Amino acid sequence: MTDPKDTINIENVVASTGIGQELDLQSVAMDLEGADYDPEQFPGLVYRTQNPKSAALIFRSGKIVCTGAKSTDDVHESLRIVFDKLRELQIQVNEDPEIVVQNIVTSADLGRNLNLNAIAIGLGLENIEYEPEQFPGLVYRLDEPEVVALLFGSGKLVITGGKKPEDAEHAVDKIVSRLEDLGLLE
Amino acid sequence: RLRKWQERIRTKDAGERNLQFALSETDRMASSLAIPRSVREVACVMYRRALDEDLIRGRSIEGVATSTLYAACRMEGIPRSLEEVAAVSRVERKEIGRTYRYVAQELGLEMEPVNPKKYVPRFCSELELSEEVQAKANEIIDTTTEKGLLSGKSPTGYAAAAIYAASLLCNEKKTQREVSDVAQVTEVTIRNRYQEQIEAMGIH
DNA sequence: ATTTTACTTTTTAAAGC
DNA sequence: GCTTTAAAAAGTAAAAT
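Chain order of the listed sequences is A and B. All the letters of the first sequence, read from the start, carry residue numbers 1 to 186 under our numbering. All the letters of the second sequence, read from the start, carry residue numbers 1001 to 1204 under our numbering.
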């Protein structure tokens, strides 16, 4: 039996940081190759890195959001690239800006099909949201860790809202034991 | 604090005045969907509850009215799909769906997922299919659900596929197009669900 | 009739309307 | 509330082939 925890895979990491300097996005957009900037549509400038793949949203305040990375290491590497690109444009960037991970999206597999109808009743209709007419996944919010799980009929699931990789592991553990207690993981 | 009290009375009065509009809208939508009066009553009581618990703030009256009507139909066992209620509402499907989820959560309605069988009588009636086809469709739904095919699937598409399959088995064939029209789902969905159901039923 | 593209859900920061 | 970005899950829809 494969331990569901061994199937956990980080799919996306969102983090925020700042260079500690205000920016003239108009000129950055002119000089930075591949930059997308449309202030009418969104106040942030979009810059994509290729290796590792990610998208950085750069704001006038100098604050930056990095999303799309597959690990916290990739987030740091992506932002290192962004910082260097800005320095090439003669923009002052703090030495080691603090990078805060805001959200980690993970996928996992329980290894067996799930009867979402039974799980909805078992976990308690007041604790879940399951509207297959609107979305095929059952939404389960956990208090500890404070994450949201999306359970699917295939047994696969998505854990989102966590700030550290361990959050997903703890969440999977809790979900597995809850479903086992309910006798709904067979 | 006096200002806050006055504001609360003002909003409450506004809500009361708008209640008239909400109830007439509920009635208009219910009429065009041929929803029984008893269900309209349930919808109106639910709307009043939503108003009393201040759930309408930040949302459109029509959106809440449509959502409570949708919820009432499900509660009373004669569901209308979001597509169907959206067709007679001036609020789009997506907004009705999220407002419904919000109201259901806040009012603690504890709604169970819709059983596809609830759509069989109405859809079959619109297609002028016999009792035999209805019974067969219900049998297909029960059997395939027990085999775990229902998880995550839309109740309307599931019911539509079972009805299509049953109409073939009972020699009262309806085309996928005819069934998709009354069920408000695409032919592709009927085809996909139909294939799985037929396979699970062991019919070839 | 099948395939591709796109949207549904959840999460999260950012600045501005 | 909305706008934008990324990503997974699986179902449905619209459009293209």
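Idealized CB from N, CA, C, for every residue including glycine. What you are looking at is a predicted structure, and each value in this text was computed from that prediction instead of being measured.
Using beta carbons (cut-off 9 Å, strictly below), is residue i in contact with chain A?
i: B/Arg1193; result: no
i: B/Met1111; result: yes
i: B/Gln1184; result: no
i: B/Val1114; result: yes
i: B/Gln1105; result: yes
i: B/Arg1057; result: no
i: B/Gly1077; result: no
i: B/Gly1108; result: yes
Whose CA, out of the options, lies closest to the CA of residue i?
i: A/Ala56; options: A/Asn115, A/Gly62 and A/Cys66; result: A/Cys66
i: A/Tyr130; options: A/Asn113, A/Leu110 and A/Leu151; result: A/Leu151
i: B/Cys1044; options: B/Ala1022, B/Val1182, B/Asp1054 and B/Met1111; result: B/Ala1022
i: B/Leu1150; options: B/Asp1052, B/Pro1079, B/Glu1132 and B/Asn1192; result: B/Asn1192
i: B/Thr1026; options: B/Ala1014, B/Val1039, B/Gly1015 and B/Arg1017; result: B/Val1039
i: A/Ala120; options: A/Glu144, A/Leu184, A/Asp6 and A/Phe42; result: A/Leu184
i: B/Val1120; options: B/Ala1200, B/Glu1095 and B/Ala1137; result: B/Ala1137
i: B/Ser1197; options: B/Tyr1164, B/Gly1058 and B/Ser1031; result: Sequence check: residue 1197 of chain B is Gln here, not Ser. Checked all of B/Tyr1164, B/Gly1058 and B/Ser1031; the closest Cα to B/Gln1197 is B/Tyr1164.
i: A/Ser16; options: A/Leu123, A/Ser78 and A/Lys85; result: A/Ser78
i: B/Ile1190; options: B/Thr1156, B/Glu1092 and B/Pro1113; result: B/Thr1156
i: B/Thr1230; options: B/Ala1087, B/Ala1014 and B/Glu1106; result: The structure shown does not extend to residue 1230 of chain B, since chain B is modelled only from 1001 through 1204, so no value can be given for it.
i: A/Thr191; options: A/Thr7, A/Val13 and A/Ser27; result: The displayed coordinates of chain A run from 1 to 186. Any statement about residue 191 of chain A would go beyond what the structure contains.
i: A/Leu138; options: A/Ala149, A/Pro145 and A/Glu144; result: A/Ala149
i: A/Glu186; options: A/Leu110, A/Val172 and A/Asp167; result: A/Leu110
i: A/His76; options: A/Leu86, A/Ser54 and A/Gln90; result: A/Ser54
i: B/Arg1080; options: B/Leu1107, B/Met1046, B/Asn1115 and B/Leu1109; result: B/Asn1115
i: B/Met1075; options: B/Trp1005, B/Glu1199 and B/Met1111; result: B/Met1111
If we cut at 9 Å on Cβ distances, does residue i have a partner in chain B?
i: A/Ala29; result: no
i: A/Gln21; result: no
i: A/Glu186; result: no
i: A/Gly68; result: no
i: A/Gly137; result: yes
Just list the residues that DSSP pairs residue i with in beta bridges.
i: A/Val65; result: A/Ser16 and A/Leu57
i: A/Tyr140; result: A/Ile128 and A/Ala149
i: A/Asp36; result: A/Val46
i: A/Ala108; result: A/Leu157
i: A/Gly162; result: A/Ile104
i: A/Ile10; result: A/Thr106
Interface residues of chain B around residue i at Cβ under 9 Å?
i: A/Pro190; result: Lying before the first or after the last residue shown, residue 190 of chain A is absent from chain A, which here runs from 1 to 186.
Residue i touches chain A at which residues, Cβ-Cβ below 7 Å?
i: B/Arg1122; result: Within 7 Å Cβ-Cβ: nothing; B/Arg1122 doesn't reach chain A, min ~16 Å.
i: B/Gly1097; result: Gln134
Please list the partners that residue i has in chain A, where partner means a Cβ-to-Cβ separation under 9 Å.
i: B/Leu1180; result: The sequence given here has Ser at residue 1180 of chain B, not Leu. Near B/Ser1180 there are no residues of chain A at all, since even the closest Cβ is about 16 Å away, more than 9 Å.
i: B/Arg1101; result: Glu129, Glu131 and Gln134
Kindly examine the ligand ATP and report whether one of its heavy atoms sits closer than 8 Å to the Cβ of residue i.
i: A/Leu114; result: What this structure holds is no ligand at all, so the ligand ATP is not there to describe.
Exercise. Between the region 144-155 of chain A and chain B, which residues of the former have CB atoms less than 7 Å from a CB of the latter, in chain order?
Worked result: If the cut-off is 7 Å between Cβ atoms, the region 144-155 of chain A has Phe152 and Gly153 near chain B.
Problem set entry | Under 8 Å (Cβ pairs) to chain A, residues found in the region 1146-1172 of chain B | Answer in chain order: Gly1148, Leu1150, Ser1151, Gly1152, Lys1153, Ser1154, Pro1155 and Thr1156.
For this session: Closer than 8 Å, Cβ to Cβ, to anything on chain B: give me those residues from the region 100-129 of chain A, in chain order.
Result: Considering only beta carbons, the part of the region 100-129 of chain A lying closer than 8 Å to chain B consists of Asn113, Leu114, Asn115, Leu116, Asn117, Ala120, Ile121, Leu125, Glu126 and Glu129, in chain order.
Exercise. The region 1064-1089 of chain B: which residues have C-beta closer than 8 Å to a C-beta of chain A, in chain order?
Worked result: Residues Ser1081 and Leu1082.
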